[in-house]
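Following: one structure in structure tokens, then a few remarks.
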Amino acid sequence: MKICVVGAGAIGGMLGVKLALSGHEVTLILRGANLEAVNRDGLRLIEENGNELLARPVLATSSIAAAGVQDVVILGMKAHQVAAVAADLPQLMHAGTRIVTMQNGIPWWYFHKLPGAYAGSPVRAVDPDGVIAQHIPIDSVIGSVVYPASEVIQPGVIKVIEGNRFTLGEIDGSDTPSIRAISDAFKAAGFKAPVSSDIRSEIWLKVWGNLSFNPISALTHATLEDICLYPPTRELAAAMMTEAQSIGEKLGVQFKVSLEKRIAGAQAVGQHKTSMLQDVEQGRALELQALVASVMELGQITQTPTPTINAVYALASLLASNLQKHNATLKIA
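The working numbering numbers the first residue of the sequence shown as 2 and each following residue consecutively.
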């Protein structure tokens with residue numbers, strides 16, 4: 002297949018390398034020093050066991066328009082970065098092109114093809130102006146949950162920290178030839194890629210932890226293990242997760258593990274910095290809208306109180322605002 006990875010960073014690049022080496026025509030959309038390094042030396046992936054893989058994509062470019070029509074488009078950037086590229090994505094599409102969304106948090110398409118009272122409702126926290134929904138045909142969308150952790154350790158070099166599972170799902174729960182083809186491609190490239198008939202429940206299982214551990218870690222500079230072992234923050238995370246579970250269950254979500262087991266799973270990861278803490282340390286924008294504000298919005302829609310989530314969101318929002326101001330000051334200086 003012709004596969005384009007838009008946002009070929011830590012996760013997108015990891016996919017791009019292994020899909021290219023398994024025989025697909027892979028185009029990478031990336032920028033800056035990363036783009037220069039890939040065009041010069043190829044994209045290198047260091048696996049968990051230390052094994053190194055090197056791939057040279059068919060094309061590495063910062064221009065979506067230059068990529069041409071694709072069979073599969075993988076959106077590898079963070080949720081708050083999708084709107085900026087949405088208007089260009091139709092240039093990559095033919096009638097059968099599938100768009101695999103790999104953003105953390107509640108996706109913009111959450112209520113599309115979902116039967117019930119909220120069918121078709123937008124999620125304004127992640128698509129406030131409707132730009133994403135306007136430019137990405139809903140019939141092209143495939144949902145996914147990203148489980149691996151990896152990082153760009155230098156331009157053109159990605160290191161896998163742990164994991165290789167990408168759960169995929171049609172957003173109406175159907176089983177289609179195209180999602181099976183994408184799953185098979187991922188598996189042939191060395192990934193676990195189960196197809197879920199209930200992708201929203203899979204998304205919630207990850208959101209459950211992300212909405213609590215990410216902002217708490219950003220505010221405290223603590224690792225997952227630290228948060229879980231310190232009783233006050235463990236209780237805070239549990240309170241946020243309890244509020245979120247009430248929302249999810251009102252929307253028909255099945256939580257397949259208990260809250261305590263989900264916290265224990267986070268603790269078992271150990272001294273790992275969440276992505277939001279890493280963003281704080283690097284001075285990058287925080288994923289608050291997709292990970293936290295979206296859950297608050299679903300709480301409002303379902304008339305579910307979220308006082309603990311709201312309080313943590315207020316603190317984390319101030320942190321994000323101060324980081325933005327600090328970065329602006331540095332640019333001026």
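Every residue gets a Cβ at the ideal spot worked out from N, C-alpha and C, and that includes glycine.
These numbers were taken from a predicted model, which means no experiment stands behind them.
With fewer than three CB-CB distances shorter than 8 Å, the region 58-71 does not count as touching the region 266-279.
Counting every other CB atom within 10 Å of its CB across the protein chains shown gives proline 108 a total of 16 or more, marking it as buried. At a Cβ-Cβ threshold of 7 Å, glycine 164 and tyrosine 148 count as neighbours. For threonine 62, the secondary structure class from DSSP, reduced to helix, strand or coil, is strand. Put simply, the backbone Cα of asparagine 323 is about 42 Å away from that of isoleucine 180. The Cβ atoms of valine 153 and glutamate 49 lie no closer than 7 Å to each other. Residue nearest to histidine 327 within the set Arg285, Thr309, Ile143, Phe187 is Arg285 (criterion: CA-CA distance). Taking 7 Å as the cut-off, the Cβ atoms of alanine 317 and proline 216 count as close. The residues Val124, Arg125, Ala126, in chain order, have a CB closer than 7 Å to that of glutamate 298 in the same chain once the five nearest residues on each side in sequence are set aside. The three-state reading of DSSP puts histidine 327 in helix, counting H, G and I together. Nearest neighbour of valine 281 by Cα position, chosen from Ser218, Gly300, Trp205, His81, turns out to be Ser218. In this structure, serine 213 sits near methionine 241, with a CB-CB distance shorter than 7 Å. Within the same chain, Ala219, Leu220, Val281, Leu287 come within 8 Å of leucine 320 by CB-CB distance, once the 5 residues on both sides are set aside. Per DSSP, valine 7 is not a residue of any alpha helix (DSSP H); the beta strand (DSSP E) it occupies stretches across 3-7. Around the beta carbon of glutamate 261, fewer than 16 other beta carbons lie within 10 angstroms, which makes this residue exposed.
In the DSSP assignment, aspartate 185 falls within the alpha helix (DSSP H) that extends over 178-189. The beta carbons of valine 101 and isoleucine 75 sit closer together than 7 Å.
One thing to note: leucine 22 has its Cβ within 7 Å of the Cβ of alanine 56. Every beta strand (DSSP E) stretch that sits fully inside the region 64-143 and reaches 3 residues is listed by chain position as 71-76, 94-102. Judged by DSSP secondary structure, arginine 263 falls within the alpha helix (DSSP H) whose first and last residues are 260-270.
Beta-bridge annotation (DSSP): glutamate 163 is paired with Ala150. Contact between the region 64-75 and the region 35-51 is absent, with fewer than three C-beta pairs closer than 8 Å. Within the model, the alpha-carbon separation for alanine 38 versus methionine 94 is close to 27 Å. Distance from serine 151 to threonine 98 at the Cβ level is roughly 26 Å; contact not present, criterion being Cβ atoms closer than 8 Å.
CA-to-CA, the gap between histidine 136 and valine 83 works out to about 11 Å. Cβ-Cβ distances below 7 Å link alanine 9 to Gly17, Leu29, Ile30, Leu31, Gly77 in the same chain, with the five nearest sequence neighbours on each side left out; the list follows chain order.
Residue environment for alanine 11: buried (at least 16 other C-beta atoms within 10 angstroms of its C-beta). Assignment of glycine 284 by DSSP, reduced to helix, strand and coil, places it in the coil class. Here the alpha carbon of serine 259 sits roughly 26 Å from the alpha carbon of glycine 117. Around the beta carbon of valine 70, fewer than 16 other beta carbons lie within 10 angstroms, which makes this residue exposed. For lysine 3, the closest of Gly13, Ala239, His25 by C-alpha to C-alpha distance is His25. Counting only residues of its own chain and dropping the five nearest sequence neighbours on each side, glycine 191 has a CB closer than 8 Å to the CB of Lys19, Ser23, Asn165.
In the three-state reduction of the DSSP assignment, arginine 45 falls in the strand class. The beta-carbon separation of glycine 300 and threonine 307, rounded to 4 Å, stays under the 8 Å limit for a contact.
For threonine 234, no beta strand (DSSP E) run applies; the uninterrupted alpha helix (DSSP H) run containing it begins and ends at 232-251, by DSSP.
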